[in-house]
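Presented below is the structure to which this report refers.
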Amino acid sequence: KLAVLVNGQTASAAEIVSGAVQDLDVGVIVGPDRTFGKGLVQNVETLPYNTALKYTVAKYYTPSGRCIQSTNYKEGGGLNAEDGGKYQSSKVADKDMKTYFTKNGREVKDGGGVAVDYKVEAQKASALEYTLMRSGVYSDFAAKWSREHQLTNNLDVVTDSTYQKFKSFVMERQREGDIKLEAIYTGPIDNLKKALQTSGYKGTTRELEQLQANLVKEIERDFEKYKKDIKEDIGQNILARYLPESMLLEIGVKRDGQVEEAVKLVRDDKTFDTLLGRVGNKGSNRKGAIAVKDGVGTAIASNDYIEEDNFQIVFLGKQGIPTRRSN
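For the sequence shown, this note's numbering assigns the number 2 to the initial residue and increments by one for each residue that follows.
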(Lines of atoms letter the chains of each structure in order from A and count residues from 1; the text may use other names and numbers.)
(Lines give C-alpha, C1' and ligand atoms only; values in the text may rest on other atoms or scores of the structure.)
Protein backbone atom coordinates (compact mmCIF):
# COMPACT_ATOMS: atom_id res chain seq x y z
CA LYS A 1 0.00 0.00 0.00
CA LEU A 2 1.05 3.57 -0.58
CA ALA A 3 -0.23 6.90 0.75
CA VAL A 4 1.36 10.15 -0.40
CA LEU A 5 1.09 13.21 1.83
CA VAL A 6 0.95 16.52 -0.04
CA ASN A 7 0.03 20.15 0.59
CA GLY A 8 -0.30 23.41 -1.33
CA GLN A 9 3.49 23.74 -1.56
CA THR A 10 4.08 20.31 -3.11
CA ALA A 11 5.28 21.33 -6.56
CA SER A 12 6.97 20.32 -9.80
CA ALA A 13 8.65 16.88 -9.73
CA ALA A 14 6.93 16.00 -6.43
CA GLU A 15 3.57 16.70 -8.10
CA ILE A 16 4.40 14.57 -11.11
CA VAL A 17 5.26 11.62 -8.87
CA SER A 18 2.02 12.19 -6.92
CA GLY A 19 0.02 12.42 -10.16
CA ALA A 20 1.58 9.21 -11.48
CA VAL A 21 0.75 7.37 -8.24
CA GLN A 22 -2.85 8.61 -8.53
CA ASP A 23 -3.28 7.87 -12.23
CA LEU A 24 -1.97 4.32 -11.89
CA ASP A 25 -4.09 3.71 -8.75
CA VAL A 26 -1.10 2.40 -6.82
CA GLY A 27 -1.60 4.75 -3.87
CA VAL A 28 -3.84 7.33 -2.20
CA ILE A 29 -3.06 11.06 -2.20
CA VAL A 30 -3.59 12.53 1.28
CA GLY A 31 -3.58 16.19 2.34
CA PRO A 32 -5.60 19.38 2.88
CA ASP A 33 -6.26 20.32 -0.76
CA ARG A 34 -4.72 20.48 -4.23
CA THR A 35 -0.98 20.65 -4.80
CA PHE A 36 0.74 23.80 -6.12
CA GLY A 37 0.20 23.24 -9.85
CA LYS A 38 3.64 23.74 -11.42
CA GLY A 39 3.66 21.69 -14.59
CA LEU A 40 6.23 23.59 -16.67
CA VAL A 41 9.83 22.68 -17.50
CA GLN A 42 12.42 25.46 -17.72
CA ASN A 43 15.92 25.83 -19.06
CA VAL A 44 18.36 28.48 -17.83
CA GLU A 45 20.61 30.33 -20.27
CA THR A 46 23.57 32.30 -18.89
CA LEU A 47 23.72 35.95 -19.99
CA PRO A 48 26.36 38.71 -19.59
CA TYR A 49 26.70 40.84 -16.44
CA ASN A 50 26.07 37.95 -14.04
CA THR A 51 22.47 37.46 -15.25
CA ALA A 52 20.49 34.59 -16.73
CA LEU A 53 17.34 33.92 -18.72
CA LYS A 54 14.91 31.24 -17.55
CA TYR A 55 12.52 30.10 -20.25
CA THR A 56 9.86 27.41 -20.58
CA VAL A 57 10.57 24.55 -22.97
CA ALA A 58 7.99 21.87 -22.11
CA LYS A 59 5.08 20.80 -19.92
CA TYR A 60 4.77 17.91 -17.52
CA TYR A 61 2.10 15.27 -18.20
CA THR A 62 0.97 12.44 -15.93
CA PRO A 63 0.26 8.87 -17.23
CA SER A 64 -3.45 9.64 -17.85
CA GLY A 65 -2.44 12.48 -20.18
CA ARG A 66 -3.34 15.44 -17.96
CA CYS A 67 -1.19 18.50 -17.36
CA ILE A 68 -1.10 19.72 -13.75
CA GLN A 69 -0.15 23.35 -14.62
CA SER A 70 -2.53 25.70 -12.75
CA THR A 71 -1.57 29.01 -14.41
CA ASN A 72 -1.78 30.01 -18.08
CA TYR A 73 0.76 32.51 -19.38
CA LYS A 74 0.38 34.72 -22.41
CA GLU A 75 3.03 36.92 -23.96
CA GLY A 76 2.62 40.69 -23.89
CA GLY A 77 2.26 43.06 -26.80
CA GLY A 78 5.86 44.23 -27.05
CA LEU A 79 7.73 47.18 -25.54
CA ASN A 80 5.41 49.79 -27.07
CA ALA A 81 2.20 48.10 -25.95
CA GLU A 82 -0.06 49.66 -23.35
CA ASP A 83 0.78 46.90 -20.89
CA GLY A 84 4.49 47.63 -21.25
CA GLY A 85 5.06 44.29 -22.91
CA LYS A 86 4.47 42.36 -19.72
CA TYR A 87 3.21 38.81 -19.91
CA GLN A 88 -0.30 38.05 -18.75
CA SER A 89 -1.20 35.24 -16.38
CA SER A 90 -4.51 33.68 -15.39
CA LYS A 91 -5.54 30.70 -13.27
CA VAL A 92 -7.18 27.77 -15.02
CA ALA A 93 -10.90 28.09 -14.28
CA ASP A 94 -12.84 25.11 -12.93
CA LYS A 95 -15.04 25.11 -16.04
CA ASP A 96 -11.97 24.77 -18.24
CA MET A 97 -10.58 21.74 -16.43
CA LYS A 98 -10.77 18.55 -18.48
CA THR A 99 -11.67 15.14 -17.10
CA TYR A 100 -9.32 12.16 -17.35
CA PHE A 101 -9.48 8.66 -15.90
CA THR A 102 -7.16 6.62 -13.72
CA LYS A 103 -6.29 2.97 -14.36
CA ASN A 104 -9.30 1.87 -12.28
CA GLY A 105 -11.63 4.37 -13.97
CA ARG A 106 -11.68 7.08 -11.32
CA GLU A 107 -12.21 10.63 -12.58
CA VAL A 108 -9.34 13.11 -12.20
CA LYS A 109 -8.95 16.60 -13.62
CA ASP A 110 -6.12 18.65 -15.04
CA GLY A 111 -5.24 22.32 -14.75
CA GLY A 112 -4.82 22.83 -11.03
CA GLY A 113 -2.26 20.58 -9.44
CA VAL A 114 -3.21 17.18 -8.04
CA ALA A 115 -6.42 16.98 -6.00
CA VAL A 116 -6.21 14.78 -2.91
CA ASP A 117 -8.13 11.50 -2.65
CA TYR A 118 -8.37 11.67 1.14
CA LYS A 119 -8.68 15.07 2.78
CA VAL A 120 -6.80 15.71 6.03
CA GLU A 121 -6.54 19.32 7.22
CA ALA A 122 -3.18 20.59 8.43
CA GLN A 123 -3.01 21.49 12.10
CA LYS A 124 -3.16 25.24 12.65
CA ALA A 125 -1.22 27.12 15.31
CA SER A 126 -3.25 28.91 17.99
CA ALA A 127 -2.96 32.67 18.52
CA LEU A 128 -0.76 32.00 21.56
CA GLU A 129 1.59 29.67 19.67
CA TYR A 130 1.83 32.18 16.81
CA THR A 131 2.74 34.98 19.23
CA LEU A 132 5.32 32.86 21.07
CA MET A 133 6.97 31.82 17.79
CA ARG A 134 7.20 35.40 16.52
CA SER A 135 8.50 36.77 19.83
CA GLY A 136 11.57 34.53 19.94
CA VAL A 137 10.72 33.42 23.47
CA TYR A 138 11.09 29.73 22.55
CA SER A 139 14.71 30.26 21.56
CA ASP A 140 15.44 32.39 24.64
CA PHE A 141 14.02 29.75 26.97
CA ALA A 142 15.93 27.00 25.17
CA ALA A 143 19.16 28.94 25.76
CA LYS A 144 18.28 29.31 29.45
CA TRP A 145 17.45 25.57 29.71
CA SER A 146 20.78 24.65 28.10
CA ARG A 147 22.73 26.67 30.64
CA GLU A 148 21.02 24.84 33.50
CA HIS A 149 20.71 21.28 32.15
CA GLN A 150 22.59 18.56 30.29
CA LEU A 151 20.90 16.64 27.47
CA THR A 152 20.65 12.90 28.17
CA ASN A 153 19.48 9.98 26.03
CA ASN A 154 15.92 10.86 27.02
CA LEU A 155 14.76 13.27 24.31
CA ASP A 156 11.44 14.02 26.04
CA VAL A 157 13.02 17.05 27.67
CA VAL A 158 9.87 19.03 28.49
CA THR A 159 8.36 17.74 31.73
CA ASP A 160 5.36 19.36 33.42
CA SER A 161 7.80 21.14 35.71
CA THR A 162 9.72 22.50 32.70
CA TYR A 163 6.45 23.64 31.15
CA GLN A 164 5.50 25.58 34.26
CA LYS A 165 8.93 27.23 34.25
CA PHE A 166 8.40 28.19 30.62
CA LYS A 167 5.01 29.69 31.42
CA SER A 168 6.55 31.74 34.27
CA PHE A 169 9.35 32.79 31.92
CA VAL A 170 6.81 34.06 29.37
CA MET A 171 4.66 35.89 31.94
CA GLU A 172 7.73 37.61 33.35
CA ARG A 173 8.60 38.81 29.85
CA GLN A 174 5.00 39.99 29.48
CA ARG A 175 5.17 42.03 32.70
CA GLU A 176 8.49 43.56 31.68
CA GLY A 177 7.04 44.56 28.31
CA ASP A 178 9.50 42.47 26.30
CA ILE A 179 6.64 40.61 24.63
CA LYS A 180 2.91 41.14 24.22
CA LEU A 181 0.73 38.05 24.22
CA GLU A 182 -2.00 40.06 22.53
CA ALA A 183 0.42 41.26 19.83
CA ILE A 184 -1.56 39.96 16.84
CA TYR A 185 -4.57 41.99 17.99
CA THR A 186 -2.64 45.15 18.96
CA GLY A 187 -2.76 46.79 15.51
CA PRO A 188 -6.56 46.59 15.03
CA ILE A 189 -7.17 47.60 18.68
CA ASP A 190 -4.86 50.61 18.45
CA ASN A 191 -6.53 51.74 15.22
CA LEU A 192 -9.95 51.46 16.85
CA LYS A 193 -8.71 53.42 19.89
CA LYS A 194 -7.49 56.26 17.68
CA ALA A 195 -10.78 56.34 15.80
CA LEU A 196 -12.77 56.45 19.06
CA GLN A 197 -10.56 59.18 20.53
CA THR A 198 -10.89 61.25 17.36
CA SER A 199 -14.67 60.91 17.63
CA GLY A 200 -14.60 61.85 21.32
CA TYR A 201 -15.95 58.52 22.59
CA LYS A 202 -13.92 58.45 25.84
CA GLY A 203 -16.22 55.98 27.60
CA THR A 204 -15.93 53.46 24.80
CA THR A 205 -12.16 53.91 24.76
CA ARG A 206 -11.98 52.90 28.43
CA GLU A 207 -14.12 49.86 27.72
CA LEU A 208 -11.76 48.93 24.93
CA GLU A 209 -8.79 49.10 27.32
CA GLN A 210 -10.66 46.74 29.66
CA LEU A 211 -11.33 44.44 26.70
CA GLN A 212 -7.60 44.37 25.95
CA ALA A 213 -6.82 43.39 29.56
CA ASN A 214 -9.44 40.63 29.42
CA LEU A 215 -7.97 39.45 26.14
CA VAL A 216 -4.58 38.88 27.79
CA LYS A 217 -6.25 36.78 30.51
CA GLU A 218 -8.04 34.71 27.86
CA ILE A 219 -4.77 34.10 26.03
CA GLU A 220 -3.07 33.08 29.31
CA ARG A 221 -5.68 30.33 29.71
CA ASP A 222 -4.59 28.97 26.33
CA PHE A 223 -1.42 27.71 28.04
CA GLU A 224 -3.52 24.81 29.30
CA LYS A 225 -5.71 24.46 26.23
CA TYR A 226 -2.74 24.11 23.87
CA LYS A 227 -0.31 22.56 26.36
CA LYS A 228 0.55 19.54 24.19
CA ASP A 229 1.41 21.64 21.13
CA ILE A 230 3.40 24.23 23.08
CA LYS A 231 5.38 21.49 24.86
CA GLU A 232 6.35 20.09 21.46
CA ASP A 233 7.45 23.55 20.29
CA ILE A 234 9.58 23.99 23.42
CA GLY A 235 11.12 20.53 22.98
CA GLN A 236 11.97 21.16 19.32
CA ASN A 237 13.72 24.44 20.22
CA ILE A 238 15.73 22.81 22.99
CA LEU A 239 16.73 19.80 20.90
CA ALA A 240 17.67 22.10 17.99
CA ARG A 241 20.64 23.24 20.10
CA TYR A 242 21.99 19.68 20.24
CA LEU A 243 20.68 17.60 17.33
CA PRO A 244 21.07 17.90 13.53
CA GLU A 245 18.06 18.96 11.49
CA SER A 246 17.64 15.45 10.11
CA MET A 247 16.98 14.04 13.59
CA LEU A 248 14.59 16.89 14.43
CA LEU A 249 12.68 16.06 11.25
CA GLU A 250 12.42 12.40 12.25
CA ILE A 251 11.03 13.34 15.67
CA GLY A 252 8.58 15.85 14.19
CA VAL A 253 7.22 13.43 11.57
CA LYS A 254 6.47 10.77 14.18
CA ARG A 255 4.27 13.30 16.03
CA ASP A 256 2.65 14.83 12.95
CA GLY A 257 -1.16 14.61 12.89
CA GLN A 258 -1.39 14.19 9.12
CA VAL A 259 1.14 11.36 9.18
CA GLU A 260 -0.91 9.68 11.91
CA GLU A 261 -4.04 9.93 9.73
CA ALA A 262 -2.15 8.47 6.77
CA VAL A 263 -1.07 5.52 8.90
CA LYS A 264 -4.68 4.95 10.00
CA LEU A 265 -5.77 4.99 6.36
CA VAL A 266 -3.13 2.47 5.34
CA ARG A 267 -4.33 0.17 8.13
CA ASP A 268 -7.95 0.42 6.94
CA ASP A 269 -8.18 -2.01 3.99
CA LYS A 270 -11.81 -1.25 3.16
CA THR A 271 -11.47 2.54 3.03
CA PHE A 272 -8.15 2.34 1.21
CA ASP A 273 -9.46 0.04 -1.51
CA THR A 274 -12.69 2.02 -1.87
CA LEU A 275 -10.76 5.24 -2.46
CA LEU A 276 -8.78 3.55 -5.23
CA GLY A 277 -11.85 2.01 -6.85
CA ARG A 278 -10.67 -1.51 -6.18
CA VAL A 279 -13.20 -4.36 -6.09
CA GLY A 280 -12.85 -7.69 -4.25
CA ASN A 281 -9.52 -6.88 -2.61
CA LYS A 282 -9.06 -9.25 0.34
CA GLY A 283 -6.28 -7.21 1.91
CA SER A 284 -3.02 -8.48 3.31
CA ASN A 285 -0.69 -8.26 6.27
CA ARG A 286 2.47 -6.28 5.57
CA LYS A 287 4.83 -3.88 7.26
CA GLY A 288 4.50 -0.11 7.01
CA ALA A 289 6.63 2.93 6.36
CA ILE A 290 6.53 6.68 5.98
CA ALA A 291 8.89 8.39 3.56
CA VAL A 292 9.59 12.12 3.66
CA LYS A 293 11.05 14.01 0.70
CA ASP A 294 13.25 16.95 1.74
CA GLY A 295 12.18 20.43 0.70
CA VAL A 296 8.82 19.69 -0.92
CA GLY A 297 6.49 19.10 2.02
CA THR A 298 5.69 15.59 0.83
CA ALA A 299 5.52 12.42 2.90
CA ILE A 300 4.66 8.87 1.88
CA ALA A 301 3.13 6.13 4.01
CA SER A 302 3.47 2.72 2.43
CA ASN A 303 2.39 -0.89 2.85
CA ASP A 304 -0.40 -2.58 4.71
CA TYR A 305 -1.06 -3.57 8.33
CA ILE A 306 1.07 -1.51 10.72
CA GLU A 307 1.89 -2.51 14.28
CA GLU A 308 3.27 0.11 16.69
CA ASP A 309 6.71 -1.57 16.71
CA ASN A 310 6.64 -2.29 13.00
CA PHE A 311 6.49 1.26 11.74
CA GLN A 312 9.30 2.80 9.76
CA ILE A 313 10.19 6.26 8.46
CA VAL A 314 12.22 6.45 5.26
CA PHE A 315 13.80 9.82 4.49
CA LEU A 316 14.38 10.64 0.84
CA GLY A 317 17.01 12.98 -0.52
CA LYS A 318 16.14 15.75 -2.97
CA GLN A 319 16.42 13.32 -5.87
CA GLY A 320 14.03 10.89 -4.19
CA ILE A 321 16.80 8.46 -3.14
CA PRO A 322 16.50 6.88 0.35
CA THR A 323 19.20 8.31 2.64
CA ARG A 324 18.38 6.76 6.05
CA ARG A 325 15.73 4.89 7.97
CA SER A 326 14.29 5.36 11.45
CA ASN A 327 12.31 2.70 13.30
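Where a beta carbon is used, it is the ideal one built from N, C-alpha and C, also for glycine.
Run through the DSSP bridge pairs and tell me what residue i is partnered with.
| i | result |
| --- | --- |
| Y73 | First, the residue type needs correcting, since residue 73 is Asn and not Tyr in the sequence shown. Paired residue(s): S91. |
| A53 | T47 |
| K96 | None; K96 has no bridge partner. |
| K39 | The partner list for K39 (beta bridge, DSSP) is empty, contrary to what the question assumes. |
| K110 | T100 |
Which class does residue i belong to by DSSP, given the choice of helix, strand or coil?
| i | result |
| --- | --- |
| Q10 | coil |
| L266 | helix |
| F102 | strand |
| A4 | strand |
| K120 | strand |
| K60 | strand |
| K228 | helix |
| V27 | coil |
| V159 | coil |
| G32 | strand |
| A126 | coil |
| P189 | helix |
| V115 | coil |
| N154 | coil |
| K181 | coil |
| R256 | coil |
| L277 | coil |
| S136 | helix |
| A143 | helix |
| A15 | helix |
| R242 | coil |
| Y131 | helix |
Please say whether residue j and residue i have beta carbons closer to each other than 8 Å?
| i | j | result |
| --- | --- | --- |
| S91 | G38 | no |
| L6 | G32 | yes |
| V93 | R35 | no |
| I69 | Y61 | yes |
| Q266 | Y119 | Before going on, a small fix: residue 266 reads as Leu here, not Gln. Result yes, Cβ atoms of L266 and Y119 sit closer than 8 Å. |
| I30 | V22 | yes |
| G236 | V159 | yes |
| V58 | N44 | yes |
| N105 | L277 | yes |
Alpha carbon to alpha carbon, how far is residue j from residue i? Give it in angstroms, no decimals.
| i | j | result |
| --- | --- | --- |
| M248 | D234 | 15 Å |
| A241 | K229 | 18 Å |
| F273 | K145 | 47 Å |
| G334 | I231 | A question about residue 334 goes unanswered here, because the residues of the chain that appear run from 2 up to 328. |
| E183 | R176 | 13 Å |
| H150 | T11 | 39 Å |
| Q211 | R135 | 25 Å |
| R107 | P64 | 13 Å |
| K110 | R67 | 7 Å |
| T52 | Q89 | 23 Å |
| N244 | E251 | Asn is not the amino acid found at residue 244; the sequence shown has Leu there. If you take the alpha carbons of L244 and E251, they lie about 11 Å apart. |
| Y202 | N192 | 14 Å |
| N215 | Y164 | 23 Å |
| T187 | L209 | 12 Å |
| E76 | V121 | 38 Å |
| L133 | L197 | 30 Å |
| A128 | V264 | 29 Å |
| S140 | V42 | 40 Å |
| T206 | K99 | 56 Å |
What do you get for residue i, buried or exposed, if any count of 16 or more other CB atoms within 10 angstroms of its CB means buried?
| i | result |
| --- | --- |
| D157 | exposed |
| D24 | buried |
| F102 | exposed |
| D161 | exposed |
| E246 | exposed |
| G113 | buried |
| N238 | buried |
| V117 | buried |
| E219 | exposed |
| E173 | exposed |
| Y50 | exposed |
| E16 | buried |
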